[in-house]
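Protein chains in written order, with this note's numbering: chain P, 404 to 859; chain D, 272 to 526.
As structure tokens, this is what we get:
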């Protein structure tokens, strides 16, 4: 038996790694690689930015699809771009922005691949108006389990198309994708900032005002309790026009040169992120924000991808890694959201970055995460005492309210929670099984959360 | 697949009626746990059924399966059937073993060989069979209950001590051989534990309980450690004992 080289793969949270054969592939040899997959199946992995085990396949094959943004085909008339699934949003923006276009949806990091964006049906600050990534996909070309390549669109094999949007990579290997692009006049954003004194205040501001802005998100100081519970900084914006850029900006209006400024050293004392330091940081950030400020110009990286400025920031959480908890609480269940925020704030869990976003309409995908309501996202060190029990408890609050977990972030919940949160799971499973009856596509997340019947 | 908090979905306890083993299973219980296998010599025994009943809940299924440590030929097949029942093995606890009495071993050398077969030979075949599975699935933890008795073997229980010395070395080597596969071995070295195994014996210094061993074991599992001494002070005690000259060591009143 030939010695198989194993790689230990983890998600961005650096918890629960597993060993797999990691194989770099391209469009030309991916089908052949999949034919040689072991019993534990195959899975495509992008840049490993999902937080848990979504891009892991213990004991199986993990494919890293090459991506060349230079080969992306931009159709200016149709306002669409066709791009390889292995290309990152980072690389794509470097091509698109100087041409006066932007991706239709970007998450909080630009280091995700287009394939991953489809598989997780990612969302961004514009969900309340423009939906998630899947809403802007016009066509997908995908390798199926039987070795054939299928063309999918909202009108062509629509059931498989929508099962692939948010399908966590378990319907096939996405090869290339055609997405809408949006025109921009400049590479700057114009941003309004408002401080909200508590949770009700920020939710009211978002309900009343979000629709006037293309992009909106609130940062919550989760360390504040009592009458300050849920105090927030609401930041909302739009791409700046040339006119808004004014005369004091003399550079090219579409200049785009994102950079990673600092790297967190691989070994950081875990004490750097403890309750006291996080509380101090949160309070300082809150006070630093203006009570109200309009029309501030920010660059694309500043506005959309602030954390990307610190390379490898996930390592600051030490060897135990961290958990990102992101849940949806539907419209009308604001009391459940309040309970979750209250429980988290009083528990003293040190969440460095906590974000609240108001979602708009859902799309037709059976496993898409966003739906009308609120999504709360927080980062907590995995070693925090009592955290596991508290999150399982919050899971019940969220599920009882008809909410759900974002699988691209999940690393702790149960198959039962996913069944409850995604009532269309069986429908998705039937579509998947029809194109992958042998279970070629496997992942640690798929097995852990009971999405797929596991092949032993 | 264990989750980000190191909470397993499945546990297999080899030596399914072991006090320490069952305490570890209880300590690993969480909302994530869905299936436990108790591997015992006689699945119909009242003891095994009681252990299963004690763990069973609406969310946790418990299966009692036949496993005999001395039947090395059956160990690979046992692992396969455990996988067929629960799926991936997240945590396997190897807790079987016999303590015996040195004076009885002295009088009946064949009984000493039988004890060593359980403690060492059986653990080697079971450990390798489990490791093969963990390597194949790319994740999972094997917890091996060793003992401080193997760290420096004492005349008062040298048959048992030597079997644990062999087991400890085997388990460390097995852990090293799994490096990079995603699977890991945790070697647990308890001191004197008040349990059914030691009932009636006088306790050695720094004695402990199954629950305390379980607590230390699960903490070590979550931190990713490879070895854990329980109580922790024994690490220091035995690093001294191990280096004592024989003439001095033999004179210590170590029971």
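Positions of the beta carbon are idealized from the N, C-alpha and C atoms, including for glycine.
Coil, strand or helix - residue i by DSSP
i	result
residue 595 of chain P	strand
residue 761 of chain P	strand
residue 492 of chain P	helix
residue 410 of chain P	strand
residue 472 of chain D	coil
residue 672 of chain P	Low local confidence applies: a pLDDT of 48 at residue 672 of chain P is under 50, so the model's placement there is unreliable, with the coordinate-based value given in what follows. The answer is coil: DSSP assigns residue 672 of chain P none of H, G, I, E or B.
residue 828 of chain P	helix
residue 336 of chain D	strand
residue 712 of chain P	helix
residue 618 of chain P	strand
residue 415 of chain P	coil
residue 502 of chain P	helix
residue 461 of chain D	strand
residue 457 of chain P	coil
residue 679 of chain P	helix
residue 407 of chain D	helix
residue 423 of chain P	strand
residue 776 of chain P	strand
residue 330 of chain D	coil
residue 384 of chain D	helix
Start-to-end residues for the alpha helix (DSSP H) that takes in residue i
i	result
residue 659 of chain P	Per DSSP, residue 659 of chain P belongs to no alpha helix (DSSP H) and is neither H nor E.
residue 476 of chain P	That residue, residue 476 of chain P, is in no alpha helix (DSSP H); its beta strand (DSSP E) goes 476-478.
residue 610 of chain P	602-612
residue 493 of chain D	481-494
residue 346 of chain D	346-357
residue 323 of chain D	317-326
residue 647 of chain P	645-648
Cβ neighbours of residue i in the same chain (closer than 6 Å, five flanking residues each side left out)
i	result
residue 280 of chain D	303, 305 and 361
residue 661 of chain P	704
residue 841 of chain P	none
residue 421 of chain P	459, 461 and 847
residue 786 of chain P	723
residue 318 of chain D	288
Own chain residues within Cβ distance below 7 Å of residue i, not counting five before or after
i	result
residue 366 of chain D	284, 285, 286, 289, 291, 292 and 416
residue 387 of chain D	430 and 434
residue 483 of chain P	541, 581, 582, 583 and 584
residue 745 of chain P	632
residue 421 of chain D	432, 435, 436, 438 and 439
residue 445 of chain D	398, 402 and 456
residue 516 of chain P	449, 450, 470, 488, 489, 490 and 491
CB-CB length for residue i against residue j, believed under 8 Å
i	j	result
residue 457 of chain P	residue 848 of chain P	4 Å
residue 499 of chain P	residue 580 of chain P	About 14 Å separates the two Cβ atoms, so there is no contact after all.
residue 717 of chain P	residue 707 of chain P	So it is not a contact: roughly 18 Å between Cβ atoms.
residue 800 of chain P	residue 739 of chain P	5 Å
residue 773 of chain P	residue 526 of chain P	5 Å
residue 768 of chain P	residue 537 of chain P	6 Å
residue 814 of chain P	residue 414 of chain P	7 Å
CA-to-CA distance, residue j to residue i, given in whole angstroms
i	j	result
residue 607 of chain P	residue 523 of chain P	29 Å
residue 486 of chain P	residue 426 of chain P	21 Å
residue 710 of chain P	residue 641 of chain P	19 Å
residue 784 of chain P	residue 792 of chain P	14 Å
residue 818 of chain P	residue 797 of chain P	16 Å
residue 482 of chain D	residue 489 of chain D	11 Å
residue 597 of chain P	residue 687 of chain P	16 Å
residue 484 of chain D	residue 352 of chain D	29 Å
residue 655 of chain P	residue 587 of chain P	13 Å
residue 474 of chain D	residue 822 of chain P	50 Å
residue 324 of chain D	residue 297 of chain D	12 Å
residue 552 of chain P	residue 770 of chain P	22 Å
residue 476 of chain P	residue 501 of chain P	15 Å
residue 447 of chain D	residue 453 of chain D	12 Å
For residue i, the first and last residue of its enclosing beta strand (DSSP E)
i	result
residue 365 of chain D	362-365
residue 485 of chain P	483-487
residue 793 of chain P	Per DSSP, residue 793 of chain P belongs to no beta strand (DSSP E); it is in the alpha helix (DSSP H), 790-803.
residue 525 of chain P	Where residue 525 of chain P is concerned, there is no enclosing beta strand (DSSP E), given that its DSSP letter is neither H nor E.
residue 636 of chain P	635-642
residue 809 of chain P	Segment: none, residue 809 of chain P is in no beta strand (DSSP E) and carries neither H nor E.
residue 725 of chain P	725-733
residue 554 of chain P	552-555
residue 699 of chain P	695-702
beta-carbon residue i near the ligand ADP non-hydrogen atom, thresh 7 Å
i	result
residue 446 of chain D	The ligand ADP is not part of the structure shown, which contains no ligands of any sort.
CB contact below 8 Å: residue i versus chain C
i	result
residue 784 of chain P	Judged by its chain identifiers, the structure shown contains no chain C, and its protein chains are P and D.
Neighbourhood of residue i by C-beta distance below 8 Å, restricted to the same chain and skipping five residues each side
i	result
residue 544 of chain P	552, 553, 554, 555, 577, 578, 579 and 580
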